[in-house]
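What the sequence shown shows, in this note's numbering, is residues 3 to 173, in sequence order.
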Amino acid sequence: METLRLRPWSDDDLPLLRAANTAEMTAHLNGPESEQQVLDRHRRYLGLDPAEARMFVVLDATSTAVGAIGYWTVSWREEPAFETGWFVVPEAQGRGIASRALALLIDDARAHPAGLRHLVAFPGVENAASNGVCRRAGFELVGSSSGEFRGSELHSHEWALDLHPVRTASA
Ligand SMILES: CC(C)(COP(=O)(O)OP(=O)(O)OC[C@H]1O[C@@H](n2cnc3c(N)ncnc32)[C@H](O)[C@@H]1OP(=O)(O)O)[C@@H](O)C(=O)NCCC(=O)NCCS
């Protein structure tokens, strides 16, 4: 199985965001963003405070950028938690890359000094691939909700992973 690596977002990674901003790639995200929104997103990723949020490029065995994955702090069920999100470019999909990138991200979130208990994800209910990624990584489906996302309504599943189950059980 090919080895993947995560590396922090860099100034050279704008083309990857553009590759993820097509109609196909955003079909379950209420459609593409404007060029300005993509530029703002790139700048936001570059300026993240690692104490609160981290965004990574997913590199394959040849160090080609095949996707992105990250996490950021949110309030979830009245507690701080990490939310995660991801994409894999079309030519690299269907090879387990998102699942393995998420496993690497879980290790990073688990080691984060904030020590937050839950990692959560909210894929659209019709996003079969993304819901598959959550299931495969051991997240639990704990609900669903509707809300505004990029200016339109989105009905999402609510997945949660306990990052520190042993610590919790013995606490
Ligand atoms: C979601 C996405 C990242 C999946 O990437 P990927 O590398 O192809 O996913 P994986 O190969 O790791 O597949 C993970 C699981 O989902 C399943 N899956 C993948 N594509 C699927 C599809 N189209 N329909 C149903 N299940 C699918 C796989 O079978 C696998 O489950 P399994 O291990 O039980 O067989 C990719 O489709 C994508 O970037 N989509 C556009 C952006 C997006 O929607 N991002 C998520 C926003 S929440």
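For each residue, glycine too, the CB sits at the ideal point set by N, CA and C.
Quick caveat, the model's predicted, so the values are computed rather than measured.
Cβ-based burial, residue i [other Cβ within 10 Å; buried from 16]
i, result
"H44", "buried"
"A162", "buried"
"H159", "buried"
"V144", "exposed"
"V135", "buried"
N- and C-terminal bounds of the alpha helix (DSSP H) containing residue i
i, result
"R102", "I99 to A113"
"P17", "L16 to A21"
"V40", "E37 to L48"
CB of residue i within 7 Å of CB of residue j, strictly
i, j, result
"V91", "V60", "no"
"T5", "A83", "no"
"I71", "L107", "yes"
"M57", "W11", "yes"
"G126", "L156", "yes"
Beta-bridge partners of residue i, as assigned by DSSP
i, result
"R126", "Contrary to the premise, residue 126 reads as Gly rather than Arg in this sequence. DSSP output for G126 lists S158 as bridge partner(s)."
"P82", "S77"
"V59", "R9 and A70"
"H120", "D164"
For residue i, the nearest candidate out of the options (CA to CA)
i, options, result
"A100", "A131, E81 and H159", "A131"
"D164", "V127, P52 and E85", "E85"
"P115", "R138, E80 and D51", "D51"
First through last residue of the beta strand (DSSP E) which encompasses residue i
i, result
"L165", "Note, L165: premise wrong, no beta strand (DSSP E); not H, not E."
"V76", "A67 to W78"
"P10", "R7 to P10"
"E150", "E142 to F151"
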